[in-house]
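Novice:
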Amino acid sequence: MIFQKPAPKLPMPMVPEDQLGGQPVRDEIETVVGPSVNVEGDFVSEGNIVVKGSVAGSVTTSKHLLIEQGARVVANVRAGSVKISGDLKGNMKIRESLELTATARVIGDVEVKVLVMEAGALLYGKVAMLGIDGVEGKPGRSGSRGASKRSEEFQPLEIIE
Amino acid sequence: MYVYLYDNFLRHKRFAADIKTMEIRLTDYGIAGKILRINNYTDAKPIIEDEVKRGAKTVVIVGNDDSFGQILSRAATVPITFGFLPVGPNNSIAEILGITPGTLAVDVLSRRRRQLLDIGWANNWCFIGQLRIPPAKVEVTYDERFTVRAKDLLEVVVCNLKPYVFKSGQPSDPEKIVHPQDGKLEAFLRPLTKRRWWGYMGEEPSVFPFEEMVIRGEKPFMVEADGKVSKEIKLTIRLAHHKIDLIVGRERQF
Chain A
22 MIFQKPAPKL PMPMVPEDQL GGQPVRDEIE TVVGPSVNVE GDFVSEGNIV VKGSVAGSVT
82 TSKHLLIEQG ARVVANVRAG SVKISGDLKG NMKIRESLEL TATARVIGDV EVKVLVMEAG
142 ALLYGKVAML GIDGVEGKPG RSGSRGASKR SEEFQPLEII E
Chain B
3 MYVYLYDNFL RHKRFAADIK TMEIRLTDYG IAGKILRINN YTDAKPIIED EVKRGAKTVV
63 IVGNDDSFGQ ILSRAATVPI TFGFLPVGPN NSIAEILGIT PGTLAVDVLS RRRRQLLDIG
123 WANNWCFIGQ LRIPPAKVEV TYDERFTVRA KDLLEVVVCN LKPYVFKSGQ PSDPEKIVHP
183 QDGKLEAFLR PLTKRRWWGY MGEEPSVFPF EEMVIRGEKP FMVEADGKVS KEIKLTIRLA
243 HHKIDLIVGR ERQF
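Written out as C-alpha cells, the structure is:
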C-alpha cells in the first residue's frame, strides 16, 4: 500500500461561482442568525432576516422574516411578511402575508392581511385578518395580553350589515 | 505631484520587470513622481503628511492587499487623494476597486476616477479591508440593542472592502465567498463547536450588517486588522462614511 501509485489528480470542473454556494453580489442587506447562535434584545434590521438559531426579545423588520426549521423564536414580531418553518412564541403584527409550513409551531396572536397555512402547521392564538369592512372594534387588541386564556376569551366577530 | 509608496517586498527581483514596465507607462502618461519605500515597521502617516506639506496631491500605494491595508489604516485621515497599483499575489482588494494588476492599473490611475469610500473604526484606529477576531469567548452587542452569544467559541470577521471567505466543517465542501456591500459594515459571526475527540468545527456563519458594534470578552482576545495585530478586552467598531478619496476603476464592485 505504501508503494501504491497515487490517484491521478483530476481537474476540478469549472462551476460558476453562483452554483458553488457563494453569493457574489447581493441585492439587499440580509441578516442571518445562524444555528447555535443566541440573540437577545430588540432585534431590528432594515433588510430581510433569516433565523436559523434562537432569538429572544423582539424582532422588527420592514421586509421579510424567515424562520427556518429548527429555529426557536420567543419574541414579538413586526414584519412586512413572514414565513415560518420553526417554532415561534409571541404575538405577530404583519403588514402583508404570513406563511406557515408543515413544520411550523406558533403560539401567539396574529394580525395579518394574508394567511397561508400548510397541512400540519400548528397555530394557537387569535388570528385577526384586516380587510373586512365594518368589523366592530379593533381585532387583536384583547388578544395581545397573551395566548394562555385563549379559549375563554374567544368571542365571534360581529359583522354589521 | 504624485508620490509612490512602494512596499518593501517589491525589492525582490521577481517583481523588477513588472515595476519597470509600470514606471515606463507612468512616465509616458506624465504622472511619474517621487518614490518612497515603506517597510513593515514604518508609520505611513507622518511620511504622507510631510509629502502633503511639500505639495503632493496624490499618494499611490504600490503593493498588495497587505500594503494597501497597512498604509491606509494609518493614513486614512490625511486629506489627500489615494491611488493603488497592485503588484504580485494577494490582490483581492484591487479587483473590488476595479483595478486590474499590471500596466492596466496605470491606465486606471491616469483616468483619475475618484470615489469616497467608507472606513471602519475599531477603538481609535481604522481598517479598510477586514478585521478578524480569531475564535474566542466573546459576546457581541449591536447598536446597543441586541446581544449575540454562542455556546462556546465565536470567530468574528468584520468586512469593509475585503470579501469574507469561509469553509464549512466538511473538508469536501468548497470555499464560500461573501462580498460585503458598501454603506454598511458587515459582521460574520461563526460559532465553533467542539468535536467529539479533539479540535473544533466551524458552523454556518451569522451575518449582521451594522453601524456600531461592541465586542466584549471575558479574557483579552486577539484582533487582526489589515495586518495589524493587537489584544483587546473591549472593542468598539463603527463605520465612518466617505472618509477616503480613492482612485478606482470603472469595473469596481460597488
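Chains as they are written, first to last, in this note's numbering: chain A, 22 to 182; chain B, 3 to 256.
Cβ coordinates follow ideal geometry from the N, Cα and C atoms, glycine included.
1) Got a sec: which bits of the segment 147–158 of chain B sit with their beta carbon under 7 Å from any beta carbon on chain A, in order along the chain?
2) Apart from the five residues just before and just after P222 of chain B, which ones in its own chain have a Cβ nearer than 8 Å to its Cβ?
3) Can the beta-carbon of G251 of chain B be found closer than 7 Å to that of G100 of chain B?
4) May I ask you to report which of helix, strand or coil DSSP gives Y4 of chain B?
5) Counting only the same chain and skipping the five closest in sequence on each side, list residues whose C-beta sits under 7 Å from that of P257 of chain B.
6) When you compare each of B:E220, B:F11, B:H244 to L237 of chain B by their alpha carbons, which one comes out closest?
7) Relative to the alpha-carbon of L7 of chain B, which residue among B:A18, B:R197, B:I40, B:R134 has its alpha-carbon at the smallest distance?
8) For T81 of chain A, decide whether its Cβ has a neighbour in chain B, counting only Cβ atoms nearer than 7 Å.
9) In chain order, what residues of the same chain have a beta carbon less than 7 Å from the beta carbon of G161 of chain A, not counting five sequence neighbours either side?
10) Name, in chain order, the residues that DSSP records as bridge partners for A77 of chain A.
11) Closer than 7 Å, Cβ to Cβ, to anything on chain B: give me those residues from the segment 48–63 of chain A, in chain order.
12) Return helix, strand or coil for P207 of chain B, following the three-state DSSP convention.
13) Quick one: grab the DSSP three-state call for S232 of chain B.
14) Answer with yes or no whether the minimum CB distance from V65 of chain A to chain B is below 7 Å.
15) Which two residues bound the contiguous beta strand (DSSP E) that contains G35 of chain B?
16) So which residues of chain B does G141 of chain A contact, with C-beta pairs closer than 8 Å?
17) Which bits of chain B does G111 of chain A rub up against, with CB to CB less than 9 Å?
18) Mind listing, in chain order, the continuous beta strand (DSSP E) runs of no fewer than 3 residues lying wholly within the segment 63–132 of chain B?
19) What are the residues of the segment 186–211 of chain B that lie near chain A, defined by any Cβ-Cβ distance shorter than 7 Å?
20) Under 7 Å, CB to CB, which of the residues in the segment 126–151 of chain A have a partner in chain B?
21) Cutting at 8 Å between CB atoms, please list the residues of its own chain near L155 of chain B, excluding the five before and the five after it.
22) How would you label E53 of chain B, buried or exposed, when you count the other beta carbons within 10 angstroms and need 16 or more for buried?
23) Looking only at DSSP bridge pairs, what is D52 of chain B linked to?
24) Under 7 Å Cβ to Cβ from L136 of chain A, same chain only, skipping five residues before and after it: list those, please.
25) Tell me which same chain residues have a C-beta within less than 6 Å of the C-beta of D20 of chain B, skipping the five on either side of it?
26) Whose CA, out of B:Y43, B:A34, B:P165, lies closest to the CA of V231 of chain B?
27) What distance in whole Å lies between the Cβ atoms of I26 of chain B and L118 of chain B, which are believed to be in contact at a cut-off of 8 Å?
28) Determine the contact status of V64 of chain B and G35 of chain B, defining contact as a CB-CB distance below 7 Å.
29) What does G78 of chain A reach in chain B if we use C-beta pairs closer than 8 Å?
30) Just mark G57 of chain B as buried or exposed, buried being the case when its beta carbon has 16 or more other beta carbons within 10 Å.
31) What's the C-alpha gap between G78 of chain A and T83 of chain B?
32) If you draw a straight line from the alpha carbon of F17 of chain B to that of F11 of chain B, how long is it in whole angstroms?
33) Report the CB separation of S1 of chain B from V53 of chain A in whole angstroms; it is logged as a contact under 8 Å.
34) Compute the distance between the beta-carbons of K110 of chain A and I128 of chain A, then report whether it is under 7 Å.
35) Quickly, what does DSSP pair D9 of chain B with across the bridge? List them, please.
Specialist: Let me lay it out:
1) R147, F148, T149, V150, R151, A152, K153
2) K233, E234, I235
3) yes
4) strand
5) Because chain B in this structure spans residues 3 to 256, residue 257 of chain B falls outside the shown range and cannot be described.
6) B:E220
7) When C-alpha distances from L7 of chain B are compared across B:A18, B:R197, B:I40, B:R134, the shortest belongs to B:I40.
8) Output row for T81 of chain A: interface = no.
9) Note on G161 of chain A: pLDDT 48, under 50, position unreliable in the model; the coordinate value appears next. Counting only Cβ-Cβ distances below 7 Å, and skipping sequence neighbours, we find D130, E132, K147, A149.
10) A:E61, A:V95
11) I50, E51, T52, V53, V54, G55, P56, S57, V58, N59, V60, E61, G62, D63
12) coil
13) strand
14) yes
15) Run containing G35 of chain B: none; DSSP gives neither H nor E here.
16) Simply none; closest approach about 26 Å.
17) Under the 9 Å cutoff, chain B gives no residues; its nearest Cβ is about 15 Å from G111 of chain A.
18) 83–88, 116–124, 127–129
19) K186, L191, P193, T195, E205, E206, P207, S208, V209, F210, P211
20) Per Cβ criterion, the list is empty.
21) P137, A138, K139, P193, L194, Y202
22) buried
23) Under the DSSP definition of a beta bridge, D52 of chain B lacks any partner.
24) L119, V148, M150
25) V89
26) B:Y43
27) With a Cβ gap of about 31 Å, L118 of chain B and I26 of chain B do not count as contacting.
28) no
29) F148
30) With fewer than 16 Cβ atoms within 10 Å of its Cβ, G57 of chain B is classed as exposed.
31) Distance between the alpha carbons of G78 of chain A and T83 of chain B is about 46 Å.
32) If you take the alpha carbons of F17 of chain B and F11 of chain B, they lie about 9 Å apart.
33) Because chain B spans 3 through 256 in this model, residue 1 of chain B falls outside it and cannot be assessed.
34) yes
35) The secondary-structure analysis by DSSP pairs D9 of chain B across a beta bridge with B:I40.
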